[in-house]
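Read in the numbering used here, the sequence shown has 157 at position 157, and its numbers run on one by one without any break.
For each residue, glycine too, the CB sits at the ideal point set by N, CA and C.
Following: one structure in structure tokens, then a few remarks.
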Amino acid sequence: MKTLNGNNIKIVLIVLIIGFSSCKSSKAIISSGVASSKLSAKQVIKEHSKNDVNFKTLQAKAKIDITQGEKKQGATFNLRIKKDEVIWLSAPLGLARMMITPKKVQFYNKTDNTYFDGDYALLSDFVGFELDFLKVQNILMGQAIYDLKTQTHEVDIQDNSYVLQPTKQDVLLELFYLMNASHFKLNSLQMAQQVKRRILQVDYKSYQDIDKNVIPKEIKVIAVEDTDEALIDMEIKSVSLNGDVRFPFRIPSGYKEIELK
């Protein structure tokens, strides 16, 4: 992964993609279901769709640890989401902020006076598939990134997870969903772009029950590009749903634009 400045913005963007979600007064979910070979792919997809999270706004504190090689860094960020409209992330004291909407990806860093203001081409190029706001939001919520009803799938069982994959895999991008046998949310999202030697794996380590919503609690991300690898661990704290939220964001004047190649 190419370094853009002191902080690798691509990794920061992946953190945003994979995301955060939780809620206060949460109850941990203990998976007790047993995967059944009697369920068809259509039935698994139906159960997965039923557990999509329903909320208007979300705000939380997210502790994020990023490891690249021998370097490890971590911080706690403020996260705010307005469903289908805005995802906003802010470092302590507002030293760095990111905001994405259905049209834009924006970021600025006060520690080195730089900013990025562009579209989803950067994120799409990195993960190896066409990305948009709804795909980002789905990953945050532990949901499939594509509408599973638009193509046929086949299902298998592996380690008590339902392994769902398109009947016809894209020759440029292999895609697998591992779904939980208890609540049918994702246990893992796995994508591989062999030509460019890219792998993105998102493991949902635990979930929680919030007002009958099944929401990710701990997430681990493995992102590989050629010989470079980044590991991302996230822990979510102090989360609330459906409150009033603001999304302050203004790129300071005089900052240098980050040009990505």
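Residue from the options with nearest C-alpha to residue i
i	options	result
S40	N113, V86, T76, V155	V155
V136	V86, G74, I45, E235	V86
L148	P166, N160, M141, G142	P166
F247	K220, K82, I45	K82
E70	A230, S253, I100, A144	A230
N145	K104, L164, I157	In the sequence under discussion, the amino acid at residue 145 is Ile, which differs from the Asn named in the question. With distances taken between Cα atoms, I145 lies closest to L164.
I64	L189, D112, Q73, D203	Q73
I100	E259, I45, F249, D244	F249
L200	I232, D170, G118	I232
I263	K196, E235, K56	Outside the modelled stretch of the chain, which goes from 1 to 261, sits residue 263, for which no answer is possible.
L93	D84, T76, F107, N51	T76
Segment limits, beta strand (DSSP E) that includes residue i
i	result
N213	213-225
H153	153-158
A41	Not the beta strand (DSSP E): A41 falls in the alpha helix (DSSP H), residues 41-50.
E130	E130 -> no beta strand (DSSP E), and no H or E assigned at all.
Counted within 10 angstroms of its Cβ, other Cβ atoms place residue i as buried (16 or more) or exposed
i	result
A121	exposed
G142	buried
V44	buried
L291	As displayed, the chain neither begins before 1 nor continues past 261, which places residue 291 out of reach and without an answer.
K168	exposed
Opening and closing residue of the alpha helix (DSSP H) in which residue i lies
i	result
L164	From DSSP, L164 is part of no alpha helix (DSSP H) but of the beta strand (DSSP E) over 161-166.
L295	For residue 295 there is no data in the structure shown, the boundaries of the chain being 1 and 261.
Neighbourhood of residue i by C-beta, 7 Å cutoff - its chain only, sequence neighbours within 5 removed
i	result
K256	N113, T114
Residues near residue i by beta carbon distance below 6 Å, same chain, minus five either side
i	result
T3	In this predicted model, T3 has a pLDDT of only 38, less than 50, meaning its place in the structure is not dependable; the value taken from the coordinates is given anyway. Once the five neighbours on either side are set aside, T3 has no close Cβ partner at all.
Any C-beta of chain C under 8 Å from that of residue i
i	result
K61	No chain C is part of this structure, which consists of one protein chain only.
Validate contact between the region 207-221 and the region 168-188 using beta carbons, cut 8 Å, 3 pairs: The region 207-221 is in contact with the region 168-188.
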